[in-house]
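Inspection log for the structure reproduced underneath, given as structure tokens.
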Amino acid sequence: MSVAVQCIDCPSFYVPCNMEYSKKEIWKTTVTIGRPIEEAVESLLELYKECSKPNWDGYGANPVSNDSISEALDFIQLLPSSFPIPQILAEPSGEIGLEWYKGKRLAFAISFSGKNMIAYAGIFGSNKTHGTEYFSDSIPTKIIENLRRLYP
Amino acid sequence: MTALNLEQVSPEETLTRYILHINHFSSLYRRVKYVVFMPAPNGETSVFRISHLSDNEIWGIGDREVAQKRSRPLLGRADIAAFHILSNKLKIAPDNNPPRHANIIGWPREKSEQKLIAMELAENAQLHLK
């Protein structure tokens with residue numbers, strides 16, 4: 094089901110404000126986007142609807158927070174077009190996860206807690222990495238470097 | 019049926035994590051996503067010990083003990099050898115409540131480290147769809 098609609102007066106994507114988002118007022122309301130990002134926005138909204146109640150996974154998960162959704166969308170908007178749009182996931186902690194999966198033992202994942210921190214982990218063949226980076230107005234260099242290990 | 023050691027899970031045993039959420043696997047790649055194994059807010063990942071059980075018996079446990087108790091459809095399961103869990107410095111605590119149930123415990127506090135281990139577990143798990 095789609096809950097996002099096309100803006101009448103501009104080639105941008107408008108997210109209706111009939112859902113309760115507190116911080117950042119629904120990603121500054123309008124976003125100029127292409128089709129893959131449009132799908133990512135829809136996925137985020139779907140995920141919010143499915144996972145905003147406690148125990149959404151049947152195993153006692155925390156509800157997905159508005160702030161983690163907001164940060165994930167900010168990140169997707171900032172993602173250079175040379176990288177594919179990731180799979181969008183909800184984690185049991187209530188964080189939003191983004192996953193790039195290229196094949197066996199080639200994967201990178203990040204998550205947003207809504208507190209301006211990105212937790213990341215990657216498997217690149219026999220090499221592995223993990224860590225935490227501050228996230229505000231730009232994608233941290235460390236995240237870009239790790240994405241380039243998957244998509245040179 | 020082989021009797022289970024109720025105190026300890028051996029590395030050779032097979033465990034399964036039942037999947038209730040469509041977001042937790044990829045049909046296209048026939049793979050489990052890492053979030054399947056991420057610990058719940060209580061720090062545990064609930065699994066069942068399925069060695070020496072038939073496929074029907076394994077699905078029966080999932081239906082009876084997991085899906086029906088949560089009023090959710092059972093979508094699939096992620097089977098994994100206990101060895102992979104233990105080799106990532108996690109522990110498996112069998113409580114046999116319900117029968118064959120255990121919890122993966124001992125997760126590191128750091129979120130990124132949890133994620134890396136969950137990704138390793140997902141790499142080594144086999145997806146079975148209902």
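Residue numbers (the working numbering), protein chains in the order written: chain A, 94 to 245; chain S, 19 to 148.
A virtual CB, placed ideally from N, CA and C, is assigned to each residue, including glycine.
Since the model is a prediction, treat every value here as computed from it, not as a measurement.
Spatial neighbours of A:Glu226 in its own chain (CB-CB distance under 8 Å, excluding positions within 5 residues in sequence) are listed in chain order as Met210, Ile211, Tyr213, Pro233, Lys235, Ile236. Residues of the stretch 166-184 of chain A that bring their beta carbon within less than 9 Å of a beta carbon in chain S comprise Gln180, Ile181, Leu182, Ala183, Glu184, in sequence order. Listed in chain order, the non-local C-beta contacts of A:Ile216 below 6 Å within the same chain comprise Arg198, Ala200, local neighbours out to five positions each way being set aside. The beta carbon of A:Gly207 sits no closer than 9 Å to any beta carbon of chain S. Listed in chain order, the beta strand (DSSP E) runs fully inside the stretch 84-145 of chain S are 94-99, 109-112, 119-123, counting runs of at least 3 residues. Between A:Asn155 and the set A:Lys146, A:Ile162, A:Tyr194, A:Ser161, the nearest pair of CA atoms involves A:Lys146. S:Arg90 and A:Phe168 have their C-alpha atoms roughly 32 Å apart. Counting only residues of its own chain and dropping the five nearest sequence neighbours on each side, S:Thr32 has a CB closer than 8 Å to the CB of Arg67, Ile68, Ser69, Asp97, Ile98, Ala99, Ala100.
Setting aside the 5 residues that flank it on each side, A:Ser136 is surrounded in the same chain by Ile181, each with a C-beta closer than 7 Å to its C-beta; the list follows chain order. The contact set of A:Asp150 on chain S, defined by CB atoms closer than 7 Å, consists of Leu38, His39 in chain order. Note on geometry: alpha-carbon atoms of S:Gln26 and S:Ile123 lie some 13 Å from one another. Within chain A, the C-beta atoms nearer than 9 Å to that of S:Pro59 come from Gly153, Ala154, Asn155, Pro185, Ser186, Gly187, in chain order.
Between A:Ile189 and A:Val157 the beta-carbon gap is near 6 Å, inside 8 Å, which marks them as a contact. For the pair A:Tyr244 and A:Ser175, the CB atoms are nearer than the 9 Å cut-off. DSSP places S:His39 in the coil class of the three-state scheme, outside both helix and strand. When the five nearest sequence neighbours on each side are left out, the beta carbons in the same chain lying within less than 8 Å of the beta carbon of A:Tyr194 are those of Gln180, Ala200, in order along the chain. In the DSSP assignment, no residue is bridged to S:Gly80. In this structure, S:Val65 sits near S:Asn121, with a CB-CB distance shorter than 9 Å.
Counting the other Cβ atoms within 10 Å of the Cβ of S:Ile40 gives fewer than 16, which makes it exposed.
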